[in-house]
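Number of protein chains: 4
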Amino acid sequence: MHVTSESAKKAIDGALKKAESTGTRMCIAVVDSGGALKAFYRMDDAWVGSIDIAIKKARTAVYFGMPSGEIGQLSQPGQPLYGIEHSNDGMITFPGGVPIVDDEGFMSGAIGVSGSSVENDDLVARAGVETIGVCDLPEHPWRT
Amino acid sequence: MHVTSESAKKAIDGALKKAESTGTRMCIAVVDSGGALKAFYRMDDAWVGSIDIAIKKARTAVYFGMPSGEIGQLSQPGQPLYGIEHSNDGMITFPGGVPIVDDEGFMSGAIGVSGSSVENDDLVARAGVETIGVCDLPEHPWRT
Amino acid sequence: MHVTSESAKKAIDGALKKAESTGTRMCIAVVDSGGALKAFYRMDDAWVGSIDIAIKKARTAVYFGMPSGEIGQLSQPGQPLYGIEHSNDGMITFPGGVPIVDDEGFMSGAIGVSGSSVENDDLVARAGVETIGVCDLPEHPWRT
Amino acid sequence: MHVTSESAKKAIDGALKKAESTGTRMCIAVVDSGGALKAFYRMDDAWVGSIDIAIKKARTAVYFGMPSGEIGQLSQPGQPLYGIEHSNDGMITFPGGVPIVDDEGFMSGAIGVSGSSVENDDLVARAGVETIGVCDLPEHPWRT
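Protein sequences, first through last, are from chains Y, V, B and U.
Under this note's numbering, the first residue of the first sequence carries the number 107, and numbering increases by one thereafter.
Under this note's numbering, the first residue of the second sequence carries the number 107, and numbering increases by one thereafter.
Under this note's numbering, the first residue of the third sequence carries the number 107, and numbering increases by one thereafter.
Under this note's numbering, the first residue of the fourth sequence carries the number 107, and numbering increases by one thereafter.
See below:
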């Protein structure tokens, strides 16, 4: 089950609200459970370089069913997944991408945010998800 | 001058309204005057393959300051721009991408639509532009 | 709903059987409803160049919910979709890619075959689908 | 000499058996001695992001005739192959890719596995190889 257009819109609106309240200028991307772009919004004066990062964060989160930042802890030099960023046409493994999970534990997609500090990016992404679901998957394997 | 977030939203809403009235399921992309993605919306059950086509149509229109379909007439076998689709990481040169031009003749971006016949795609794209400007540029060189 | 591992295996076995009976050496790819690779099999002595073609045919069929060859009729010079092959990291629009549709009209994925004439490719692809479903989608929009 | 279809199938079945016994959900790829995809299988609910990683691990192993994880030790910051992941359209240099070597010391291909911890990935990959050969190459230059 993929995130619907209506839910994607709600998630982006929720993220936007948080971005505005924190005075940040964000790119916000929502992808479906296969990683395909569902909706995207770039605030005025957001970094142009954040477009691709927001989309890649969302894809990273949905491709592995976890927040992008968790993968980043495992991909540091000397850690088990060092270099995973080279897969899948480029992964972004710092915070700001989180899965969208519904009440029944299905991952319907993910949201990715870029444009400020990674703490803010993550905060805004989670604010988006909270309007339509939760970020935490049940133990792998989840249902898709 | 780039299309603003607010204008991009208006353009997408205008396009959506037309898509709904024609019973089509579209991917709708708005890019700024540099071709960078500003906003995107995929209706439920739209073709997954249309995501990239909508974005590429918008980029094609803004990269050359004309509707994507006009370039397609020049890129047919034997015509002067034959093969132009190979440039810029892939152009889409059939109808559905149109520039967004303001009252003073500035091109602020473009909209690209994919998901139905090229006639419908073009119709929906133009409906989007009409909410915020016009599609026709003054004689080249225009002002960006 | 995506094609399951078990169904993908059945589809490949069905396609293989047909390939063997026609004396052809094929690459056979099954993708899920988002276009992600589910299973792949290359027969001994099949063309190496057919690996990518088989995968791209399957993706093309699932991205637009129709046999790849139908798109190819619309993408000829002078036709409405001329140049669509430049989208989505490369589409293959000649026959050999067909959707996999279940009893309820859901498209669960697609199969793509390459290695012989396009007629044979298409025949083998359809033999694969027939072991687990049908190739024909109900009128667009289908359910995914 | 390339891995045959029959051997590739055996290797995947061997890997699958190990994956099932360890309760993991894997993507399993077999490539020939030139790095071209021979067979692929994605278990239900395996990470979508693991498709590309499994294939890249197999390619990495065969391109350099050693387990992917060995290259990863040489590609850490300060080590001689730092950044090798940027070559060959993306290498994956953590464990889970191993060469397939026959009785006479010929490398016929490689297997790559992704979907769990790198220890599990490596275990499953080796279980696949063991059904048809060994993972260890004689001293370079080996025979291909």
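Backbone N, C-alpha and C define an ideal beta-carbon position, used for all residues, glycine too.
Neighbour flag for residue i against chain B, beta carbons, 8 Å
i	result
Asp-150 (chain U)	yes
Gly-203 (chain Y)	no
Val-154 (chain U)	yes
Ala-159 (chain U)	In the sequence as presented, Ala is not what sits at residue 159 (chain U); that position holds Ile. Taking Cβ atoms only, chain B never reaches closer than 8 Å to Ile-159 (chain U), which makes this a no.
Tyr-147 (chain U)	yes
Val-137 (chain V)	no
Val-224 (chain V)	yes
Gly-120 (chain V)	no
Option nearest residue i by Cα separation, candidates the options
i	options	result
Asp-228 (chain V)	V:Ser-174, V:Gly-239 and V:Gly-184	V:Ser-174
Tyr-147 (chain U)	U:Val-240, U:Gly-120 and U:Met-107	U:Gly-120
Lys-163 (chain U)	Y:Val-137, Y:Arg-131, Y:Asp-242 and Y:Ser-193	Y:Ser-193
Thr-199 (chain B)	B:Gly-141, B:Phe-170 and B:Val-136	B:Phe-170
Arg-165 (chain B)	B:Ser-139, B:Ala-117, B:Glu-176 and B:Val-154	B:Ser-139
Ile-159 (chain U)	U:Leu-243, U:Leu-180 and U:Ile-217	U:Ile-217
Pro-186 (chain Y)	U:Gly-184, U:Pro-183 and U:Gly-178	U:Gly-178
Gly-239 (chain B)	B:Glu-225, B:Ala-125, B:Phe-212 and B:Gly-184	B:Phe-212
Ile-206 (chain U)	U:Ala-167, U:Glu-176 and U:Asp-195	U:Ala-167
Met-149 (chain B)	B:Ala-125, B:Gly-141, B:Arg-232 and B:Val-137	B:Ala-125
His-108 (chain Y)	Y:Glu-236, Y:Cys-133, Y:Lys-116 and Y:Val-137	Y:Val-137
Asn-226 (chain B)	B:Lys-115, B:Ser-111 and B:Met-132	B:Met-132
Ala-142 (chain V)	Y:Gly-141, Y:Asp-151 and Y:Lys-116	Y:Asp-151
Val-224 (chain Y)	Y:Lys-115, Y:Glu-176, Y:Ala-145 and Y:Lys-116	Y:Glu-176
Lys-116 (chain Y)	Y:Gly-221, Y:Ala-233 and Y:Ser-181	Y:Ala-233
Glu-210 (chain U)	U:Cys-241, U:Ala-145 and U:Ile-134	U:Cys-241
Leu-243 (chain V)	V:Ser-220, V:Gly-221, V:Ile-134 and V:Gly-215	V:Gly-215
Lys-144 (chain Y)	Y:Leu-122, Y:Val-219, Y:Ser-111 and Y:Lys-123	Y:Ser-111
Residue interval of the beta strand (DSSP E) (run including residue i)
i	result
Ala-258 (chain Y)	Since the first and last residues shown for chain Y are 107 and 250, residue 258 (chain Y) lies out of range.
Ala-135 (chain U)	133–138
Gly-120 (chain B)	Segment 111–127 is the alpha helix (DSSP H) holding Gly-120 (chain B); no beta strand (DSSP E) there.
Gly-203 (chain Y)	203–207
Neighbour flag for residue i against chain Y, beta carbons, 8 Å
i	result
Asp-228 (chain U)	no
Gly-106 (chain U)	Beyond the ends of chain U as shown, which are 107 and 250, falls residue 106 (chain U); an answer cannot be given.
Gly-140 (chain B)	yes
Lys-162 (chain U)	yes
Gly-239 (chain U)	no
Val-219 (chain U)	no
Ser-127 (chain B)	no
Met-132 (chain U)	no
Chain U contact for residue i (CB, 8 Å cutoff)
i	result
Lys-144 (chain B)	yes
Thr-110 (chain B)	yes
Pro-183 (chain Y)	yes
Gly-215 (chain Y)	no
Gly-189 (chain Y)	yes
Short CB-CB distance (under 8 Å) between residue i and chain C
i	result
Val-235 (chain V)	Chain labels in this structure do not include chain C; the protein chains are Y, V, B and U.
Residue i, buried or exposed, once every other Cβ within 10 Å from all chains shown has been counted against 16
i	result
Gly-188 (chain Y)	Note that residue 188 (chain Y) is Tyr in the sequence shown, not Gly. With 16 or more other Cβ atoms within 10 Å, it is buried.
Ser-113 (chain U)	buried
Glu-191 (chain B)	buried
Val-154 (chain V)	buried
Pro-201 (chain B)	buried
Met-197 (chain B)	buried
Val-230 (chain Y)	buried
Gly-203 (chain B)	buried
Ile-161 (chain U)	buried
Gly-129 (chain U)	exposed
Ser-127 (chain Y)	exposed
Ser-156 (chain V)	buried
Gly-184 (chain B)	exposed
Start and end residues, alpha helix (DSSP H) containing residue i
i	result
Ile-190 (chain U)	Neither: Ile-190 (chain U) is in no alpha helix (DSSP H) and is coded neither H nor E.
Ser-174 (chain V)	174–180
Test: residue i CB closer than 8 Å to a CB of chain V
i	result
Ser-174 (chain B)	no
Phe-212 (chain B)	no
Phe-200 (chain B)	no
Ser-193 (chain B)	yes
Gly-171 (chain B)	yes
Quick one: complete beta strand (DSSP E) runs, 3+ long, within the stretch 210–238 of chain U? 213–220
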